[in-house]
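Peer 1:
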Amino acid sequence: MSRPSLTLLLAAIQLACGSAMAATGAPVADAIWFNGPIITLDDKHPNAQAVAVKDGKILAVGERKQVLQNQGPTTQMIDLKGTTLLPGFIDPHGHVSMVGFQAASANLLPPPDGTNDTLPKLQETLRNFEQQSPIPKQFGVLFGFGYDDSQLQEQRHPTKDDLDAVSRDVPIAIVHQSSHLGVLNSKALELAKIDASTPDPEGGVIRRVEGSQEPNGVLEENAFFNALIKIFPKLTADQAVDMLSAGQQLYISYGYTNLQDGRSSPDQVKTAIKAAGDGKLLADIVSYPDILTPGTKELLVAPWYHPTNQPVSYDRHFRIGGVKLTLDGSPQGKTAWLSQPYFKPPQGQDASYAGYGVVKDDDALTIYKQALANRWQILSHANGDRAIDQLLSSMRAAEKAYPGVDVRPVLIHGQTLRQDQVAELKQLKIFPSLFPMHTYYWGDWHRQSVLGPERAENISPTQWVLKAGLKFTTHHDAPVALPDSMRVLATTVNRTTRSGYVLGPEQRVTPLQALKAMTLWSAYQHFEEDRKGSITPGKLADFAVLSANPLTEAPENLSEIKVLKTIKEGRVIYERPAKVTPLPAPLGMHGDPSLPAPQGIKAVAQGDGDLGPALDVIYDQLTPAQP
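The structure is reproduced here in structure tokens:
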């Protein structure tokens, strides 16, 4: 055979074999990303000019010339065009199942999180959502969340007549941002069996048209909660998967490649397993079911769960990471368990009121012992410093019974974490996942009503944690707030409240530290630091592409950076459209000094301490109907 023929034959063989080796002898990449800032978050190699990906993993990182050695005829060359590539964000704490409802609701918030400062704008938002979203048709009800009568130009609540102007055929229910009351249109009132002959229920009020007994659509407290139970459908298994998928889609639009379903119910775990089996999961989901809910322990089996002394393993993008225990409520709802009284006690409480715990000390100790004995990673919701004291004392006693067992326990929220408690976290190897987003959404409320100016300065004390030699993560707790990665970043760096006040400037951290808290350190929290969290050869090719470089952008502009693409294991799972539809509302309860604090523990038990009472009811209803 002639030499030219041999050359052609070898070239044909190389092409037919998928060009397994480049001309340089290096493995051929499936894709190479280049021509933009690449933030690796790998301290050994913090910057790179190009990244090569093969089979869903990172093949090479470094200078462009070096990485191009992995280019072959089948390699997709992806030009960043000056945009920024960094690791995909890893959610340290959120509730993706409930985010599905968030994504299924019209955003009725006033500015800056919405556009609804007049009744016509609110009606327009509902009309647009009903026309553009398939969700109202799937579930038979149009839901909206977040209206605030005090921020409406008309200075009143919408009525059934206002909602009937949107539709008399589709049931409409809208939830006040306090989550203590809401409004139904005529069709929804009919479904709820509320008319002029319906008496006010105990603990609730049906507001009436002036001069008659006819309901005007506004329902308070138990009147509203009872109506929601009647009009919110129990979901079928397929509908529950659809709602989970809607939550997943919202998450990945913010660059998250790893999602959490904290405090999920056993049925929500089963929904995620079904979604995984149906091939509906695009990103990884880690579930931490509620340890106090019957049926949770039976879920902690392979292939979805592996003890902390075994390698992490996902089954079609789903796994159970451990369990969750809720020790108190929320500071903005004034149900967090504090060591000192609230600055301004809620209505009906005296000046000594300091919130309350929801788990007895003996029960907490028993659960922590079980976690160590069975090697369950355990997440502990503790907002108040007194609840954190309970966590520390219980874990200390449990570790005496099971010395040397590392389950990497996690403190969730820790909003009023004291400086003296930080050293104990380090000693007990409890990992802190903090909530700096509260500095923006509720920082002013904390200063004015919850904690007072002095105590509020150090909520979510990230610098205290760093100075003690600990890592930390920062979360959004969606749907308490939107799973907005850039808002998480901005609040961690700036700590600026809605009013523009800088809350605890000494607790601010650098953009690099804040990014690590959302990626590399979050991977560590999940026992996945060897496979996620940085752009390092051998790790999964989980990336986010941003419109600007957060390490060089002015800190005050961080929240304006846009997520352009989300990549999971080399596959683009989200790309920002040219026209972006309005975002759904954050579902967290906003402080309202005119409303009493929720009594008892139902809000904590069902809403993870941060959701308002109406949303607790919806949380219950999200449980799919069982065959």
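Numbering (mature numbering (1 follows the signal peptide of the UniProt record, and there is no 0)) for the sequence shown: -22 to -1, 1 to 605. Positions of the beta carbon are idealized from the N, C-alpha and C atoms, including for glycine.
Could you tell me which of 266, 504 and 374 sits nearest to residue 67, measuring between CA atoms?
Peer 2: Comparing Cα-Cα distances from residue 67 to each of 266, 504 and 374, the minimum goes to 504.
Peer 1: Are there three or more Cβ pairs, one per stretch, closer than 8 angstroms when the segment 181 to 192 is compared with the segment 410 to 423?
Peer 2: no
Peer 1: Tell me whether residue 146 is buried or exposed, calling it buried when 16 or more other Cβ atoms sit within 10 Å of its Cβ.
Peer 2: So residue 146 ends up on the exposed side.
Peer 1: Give me the residue from 159, 480 and 194 with the minimum Cα distance to residue 176.
Peer 2: 194
Peer 1: Under three-state DSSP, which class holds residue 546?
Peer 2: strand
Peer 1: So the alpha helix (DSSP H) residue 493 belongs to, where does it begin and stop?
Peer 2: Per DSSP, residue 493 belongs to the alpha helix (DSSP H) from 489 to 496.
Peer 1: Strictly by DSSP, which residues pair up with residue 125?
Peer 2: 154
Peer 1: Can the beta-carbon of residue 608 be found closer than 8 angstroms to that of residue 452?
Peer 2: It is not possible to answer for residue 608, since the shown part of the chain is limited to -22 through 605.
Peer 1: DSSP puts residue 85 in a beta bridge; with which residues?
Peer 2: 123
Peer 1: Residues bridged to residue 182 by DSSP?
Peer 2: 199
Peer 1: How long is the line joining the alpha carbons of residue 295 and residue 211, rounded to whole angstroms?
Peer 2: 28 angstroms
Peer 1: Alpha carbon to alpha carbon, what distance is there between residue 11 and residue 517?
Peer 2: 16 angstroms
Peer 1: Going by alpha carbons, who is nearest to residue 165 out of 178, 183 and 140?
Peer 2: 140
Peer 1: With DSSP run on the structure shown, which of helix, strand or coil describes residue 352?
Peer 2: Residue 352: helix per DSSP, three-state reduction.
Peer 1: What would DSSP say about residue 3, mapped onto helix, strand or coil?
Peer 2: coil
Peer 1: Which residue marks the beginning of the alpha helix (DSSP H) containing residue 416, and which one marks its end?
Peer 2: 415 to 419
Peer 1: Relative to the C-alpha of residue 229, which candidate in 553, 333 and 596 has its C-alpha closest?
Peer 2: 553
Peer 1: Work out the CA separation of residue 484 and residue 73 for me, nearest whole Å.
Peer 2: 30 angstroms
Peer 1: Let me know if residue 42 comes out buried or exposed under the rule of 16 or more other beta-carbons within 10 Å of its beta-carbon.
Peer 2: exposed
Peer 1: Residue 397: buried (16+ other C-beta within 10 angstroms of its C-beta) or exposed?
Peer 2: Counting Cβ neighbours within 10 Å, residue 397 comes out exposed, since fewer than 16 surround it.
Peer 1: Could you compute how far the alpha carbon of residue 596 sits from the alpha carbon of residue 241?
Peer 2: Distance between residue 596 and residue 241, taken at the CA atoms: about 15 angstroms.
Peer 1: Quick check for students: name the residue ranges of the alpha helix (DSSP H) that lie wholly in the segment 59 to 118, counting only runs of 4 or more.
Peer 2: 74 to 81, 97 to 110 and 113 to 117
Peer 1: Could you tell me whether the Cβ atoms of residue 149 and residue 196 are closer together than 8 angstroms?
Peer 2: Not in contact: residue 149 and residue 196 (Cβ atoms no closer than 8 angstroms).
Peer 1: Give the secondary structure of residue 437 by DSSP, where H, G and I count as helix, E and B as strand, and everything else as coil.
Peer 2: coil
Peer 1: How many whole angstroms separate the CB atoms of residue 299 and residue 265, which I take to be in contact at a CB cut-off of 8 angstroms?
Peer 2: 7 angstroms
Peer 1: Please state whether DSSP places residue 286 in a helix, a strand or coil.
Peer 2: coil
Peer 1: Looking at the unbroken beta strand (DSSP E) that takes in residue 333, where does it start and where does it end?
Peer 2: It is not in any beta strand (DSSP E) - residue 333 carries neither H nor E in the DSSP assignment.
Peer 1: Taking residue 437 and residue 399 to be in contact with their CB atoms under 8 angstroms, please state how far apart those CB atoms are, rounded to whole angstroms.
Peer 2: That belief does not hold up - the Cβ atoms of residue 437 and residue 399 are roughly 13 angstroms apart, past 8 angstroms.
Peer 1: Under a three-way DSSP split, which group does residue 297 fall into?
Peer 2: strand
Peer 1: Just to confirm before moving on: does the CB-CB distance between residue 515 and residue 56 stay below 8 angstroms?
Peer 2: no
Peer 1: For residue 432, is the classification buried or exposed, using 16 other Cβ atoms within 10 angstroms of its Cβ as the cut-off for buried?
Peer 2: exposed
Peer 1: What span of residues does the beta strand (DSSP E) with residue 388 cover, start to end?
Peer 2: 388 to 391
Peer 1: Straight-line CA distance for residue 129 to residue 489?
Peer 2: Taking the straight line joining both Cα atoms gives about 34 angstroms.
Peer 1: Assign residue 486 to buried or exposed, taking buried as 16 or more other Cβ atoms, counted over all protein chains shown, within 10 Å of its Cβ.
Peer 2: buried
Peer 1: Is the segment 78 to 85 touching the segment 99 to 114, taking contact as three or more C-beta pairs under 8 angstroms?
Peer 2: Under the three-pair Cβ rule at 8 angstroms, the segment 78 to 85 counts as touching the segment 99 to 114.
Peer 1: Over the uninterrupted alpha helix (DSSP H) stretch that includes residue 222, give me the two end residues.
Peer 2: For residue 222, the enclosing alpha helix (DSSP H) begins and ends at 215 to 230.
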